[in-house]
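*Asks:* Following this message is one structure expressed as C-alpha cells.
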Amino acid sequence: MRLFKVVLVVMLCFVLKHNSYGQQIPKELLAVKQKLDAVETASAKATLNLDISFINMPEKYGEIRYEKGQPVQFTSDNFAFIPKRGLDFSWNNLFDHDFIAVERGTEEVAGETLKTFNIIPNDDKATFAIMTLVVNTSKSQITQADITTKKDGSYALQFKYEGSNPFPSFVEAAFEVEKIKIPLNFMGRDTDINRSAMREDGNKTGKVLLQLDWL
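Next up, the structure:
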C-alpha cells in the first residue's frame, strides 16, 4: 500500500509538471469515446460463468441492453447478479469525470498498435483511484484495464472483440477484494456457496467470464 502511494504521488507530480495549462483527453481515448457515443442502443445475449473457489454456480444466461447515456442493463430469469466492473462498456466511470492521462508506451502485437495509459481522476466523485488502460489504436478499442478502486478492491479486465465492434464479445474480469459484495440470495437455487470460506480473513480472488453475442 505504501509503494502504491509513492507511485501515485510521483505520477501526479510528473503530470502536473507537464500539464500545467490543463489536460486534454489523449486522441486515442477520445477516439474510443467517440466510437461508443456513435451507438444509440445495442443488445446482446449473455453467457456468464464464475471462477470463484467458494462458489459453485452453473453457467447462466441472460440479456444485456446498452442505451447511450444510461447504465448497461442485465436481465435474466434465474440470475440477478452481474459484475458492474465488467459491464461498463460505455466507460462512464472514466469519461464522466475529469482525469489526467499519462502515456506509458506503445507496442506492436499481431500487427496491431497497442498504447498504454495510466489514468488518475481529478474528480473526488470518481470511484477509482488509479486505472491502467491498453488501447488498440487501430480499432479504437480498450483491450485491457487494470483498475484500483477506492472502496471495492482491484480488478483486471481483458476484452476481446469481433472485428471493429465497439463492444466486446468476451470479457474476463479477475478481481481481488477484501469482502465479496454479491447478493448471494439472488444467484439461483442451483448455486452452492461455501459461506465459511467466504468469511475467512484476507483478500478474495476470482474471475468472472462473460460471453456476449450482439444482436
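Residue 3 is where the sequence shown starts when you use our numbering, and the numbers rise one by one after that. Glycine residues also receive a C-beta, built at the ideal position from the N, C-alpha and C atoms.
#1: If you measure between the beta carbons of asparagine 155 and glutamate 178, is that distance less than 8 Å?
#2: Should proline 168 be labelled buried (16 or more other beta-carbon atoms within 10 Å of its own) or exposed?
#3: Out of Ala44, Tyr68, Val136, point me to the one whose CA is closest to alanine 103's CA.
#4: On the three-pair Cβ rule with 8 Å, is the segment 40-56 touching the segment 192-209?
#5: Quick one: measure Cβ to Cβ for alanine 44 and tyrosine 68, integer angstroms, because I've assumed they're closer than 8 Å.
#6: Considering only DSSP beta bridges, list what glutamine 75 is partnered with.
#7: Quick check: the segment 148-164 against the segment 118-135, are at least 3 beta-carbon pairs closer than 8 Å?
#8: Roughly how far, in whole angstroms, is the beta-carbon of phenylalanine 97 from the beta-carbon of proline 123, given that I think they are within contact range, below 8 Å?
#9: Which residue from Leu217, Trp216, Asp79, Ala158 puts its Cα closest to that of glycine 208?
#10: From asparagine 120 to glutamine 26, what does the alpha carbon distance come to, in whole angstroms?
#11: What whole-angstrom Cβ distance do leucine 211 and asparagine 94 have, given they're in contact under 8 Å?
#12: Measuring only the C-alpha atoms, how far is glycine 24 from tryptophan 216?
#13: Which of the three DSSP states is assigned to alanine 33 in this structure?
#14: Could you give the residue range of the alpha helix (DSSP H) that holds leucine 217?
#15: CB-CB under 6 Å to glutamine 213, same chain, minus the five flanking residues each way: which ones, in chain order?
#16: Report back the beta-carbon spacing between lysine 37 and serine 142 to the nearest angstrom; my notes put them in contact at under 8 Å.
#17: Excluding sequence positions up to five away, which residues of its chain have a Cβ less than 6 Å from the Cβ of glutamate 164?
#18: Considering only the alpha carbon of each residue, which of Ile195, Glu114, Asp148 lies closest to serine 166?
#19: Provide the residue(s) that pair with lysine 47 in DSSP beta bridges, ordered along the chain.
#20: Have a look at Glu42, Asp79, Leu32 and flag the residue whose alpha-carbon is nearest the alpha-carbon of arginine 191.
*Replies:* This is what the structure gives:
#1: Your numbering for residue 155 matches position 153 in the sequence shown. Your numbering for residue 178 matches position 176 in the sequence shown. One detail in the question is off: residue 155 reads as glycine in this sequence, not asparagine. Yes, they are a contact pair.
#2: Position 166 of the sequence shown, counting from 1, holds the residue named residue 168. In this structure proline 168 is buried. Its beta-carbon is surrounded by 16 or more other beta-carbon atoms within 10 angstroms.
#3: Translated into the one-based positions of the sequence shown, residue 103 becomes position 101. If you compare the alpha carbons of Ala44, Tyr68, Val136 with that of alanine 103, the shortest gap goes to Val136.
#4: Counting Cβ pairs under 8 Å, three or more are found: they touch.
#5: Here residue 44 refers to the residue found at position 42 of the sequence shown. Here residue 68 refers to the residue found at position 66 of the sequence shown. Between alanine 44 and tyrosine 68, the beta carbon gap of about 4 Å places them in contact (Cβ cut-off 8 Å).
#6: Indexing the sequence shown from 1 puts residue 75 at position 73. Partner(s): Arg67.
#7: A contact exists between the segment 118-135 and the segment 148-164.
#8: Locating residue 97 in the sequence shown gives position 95, where the first residue counts as 1. Locating residue 123 in the sequence shown gives position 121, where the first residue counts as 1. Contact flag wrong, Cβ pair sits at about 11 Å.
#9: Counted from its first residue, the sequence shown places residue 208 at position 206. The residue with the shortest Cα to Cα distance from glycine 208 is Ala158.
#10: One-based indexing of the sequence shown puts residue 120 at position 118. One-based indexing of the sequence shown puts residue 26 at position 24. Each residue's alpha carbon lies about 14 Å from the other.
#11: Indexing the sequence shown from 1 puts residue 211 at position 209. Indexing the sequence shown from 1 puts residue 94 at position 92. About 23 Å; that fails the 8 Å criterion.
#12: One-based indexing of the sequence shown puts residue 24 at position 22. One-based indexing of the sequence shown puts residue 216 at position 214. Note that glycine 24 scores 45 on pLDDT, short of 50, meaning its location in the model is unreliable; the coordinates nonetheless yield the value given after this. Rounded to whole angstroms, glycine 24 and tryptophan 216 show a C-alpha spacing of 38 Å.
#13: Locating residue 33 in the sequence shown gives position 31, counting from the first residue. The answer is helix: DSSP assigns alanine 33 an H, G or I state.
#14: What you label residue 217 is simply residue 215 of the sequence shown in a count that begins at 1. In the DSSP assignment, leucine 217 falls outside any alpha helix (DSSP H), carrying neither H nor E.
#15: In the sequence shown, the residue the question calls residue 213 occupies position 211. The residues are Thr49, Phe172.
#16: Taking the first residue of the sequence shown as 1, we reach residue 37 at position 35. Taking the first residue of the sequence shown as 1, we reach residue 142 at position 140. Going by Cβ atoms, the distance from lysine 37 to serine 142 rounds to 5 Å, so yes, they are a contact pair.
#17: Position 162 of the sequence shown, counted from the start, is the residue given in the question as residue 164. Shown here for glutamate 164: same chain residues with a beta carbon closer than 6 Å to its own, the five before and five after excluded, namely Ser171 in chain order.
#18: As a first step, residue 166 must be located in the sequence shown, where it is residue number 164. Distances from the CA of serine 166 to each of Ile195, Glu114, Asp148 were compared; the closest alpha carbon is that of Glu114.
#19: As a position in the sequence shown, residue 47 is number 45, starting the count at 1. Beta-bridge pairing by DSSP links lysine 47 to Glu65, Asp215.
#20: Numbered from its first residue, the sequence shown carries residue 191 at position 189. Answer by Cα proximity: Asp79.
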